[in-house]
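Residue numbers (the working numbering): 1360 to 1497. Below is one structure, written out as structure tokens; comments come after it.
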């Protein structure tokens, strides 16, 4: 199901798409993208979100951000897999920190909490899936 986007976000997405296509294949860091499109920080962020959705809808290459290239469209299988592995690793770290920093202490204080036990079961399942994905080699 497609997300509803404001007409302004769609205009911003179009400006960003044009700027990125003109800069291709090098990509643009966020501040340069803002300047190239003459958009505010908020407008650029909402435009990037809309552009990601639009790219997925239209079957365009994914829009990625990397330190080396900034924002860019990516059609490289190797680069996409590297980006996805980094994303999975980051989410795995976030899940582990949530479990050890919040959920485990919650369960220690309230061991019969239905919510905390339910959430623990669900998050442990997601954690196991992310660990499996992170351990896969290319």
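Yeah, the Cβ is synthetic: ideal placement off N, Cα and C, and Gly gets one too. Source: prediction; values computed, not measured.
**Item:** Candidates 1474, 1438, 1421, 1406: closest to residue 1365 by CA position
**Value:** 1406
**Prompt:** In or out: residue 1460 buried (at least 16 other Cβ within 10 Å) or exposed?
**Reply:** exposed
**Request:** Grab the span of the beta strand (DSSP E) containing residue 1429 for me, first residue to last.
**Result:** 1429 to 1432
**Item:** Distance between residue 1386 and residue 1429 (C-alpha atoms, nearest Å)
**Value:** 6 Å
**Prompt:** Candidates 1473, 1401, 1412, 1472: which alpha carbon is nearest residue 1363's?
**Reply:** 1412
**Item:** With 16 other Cβ atoms within 10 Å as the buried cut-off, status of residue 1380
**Value:** exposed
**Asked** Which residues share a DSSP beta bridge with residue 1424?
**Response** 1430
**Prompt:** DSSP three-state call for residue 1365: helix, strand or coil?
**Reply:** coil
**Request:** Express the C-alpha separation of residue 1439 and residue 1376 in angstroms, rounding to a whole number.
**Result:** 19 Å
**Asked** Considering only C-alpha positions, which residue in the set 1466, 1494, 1467, 1475 is nearest to residue 1451?
**Response** 1494
**Request:** Answer with buried or exposed for residue 1403, where buried requires no fewer than 16 other C-beta atoms within 10 angstroms of its C-beta.
**Result:** buried
**Request:** Within its chain, find whatever has a CB closer than 6 Å to the CB of residue 1472; leave out the 5 residues flanking it on each side and keep chain order.
**Result:** none
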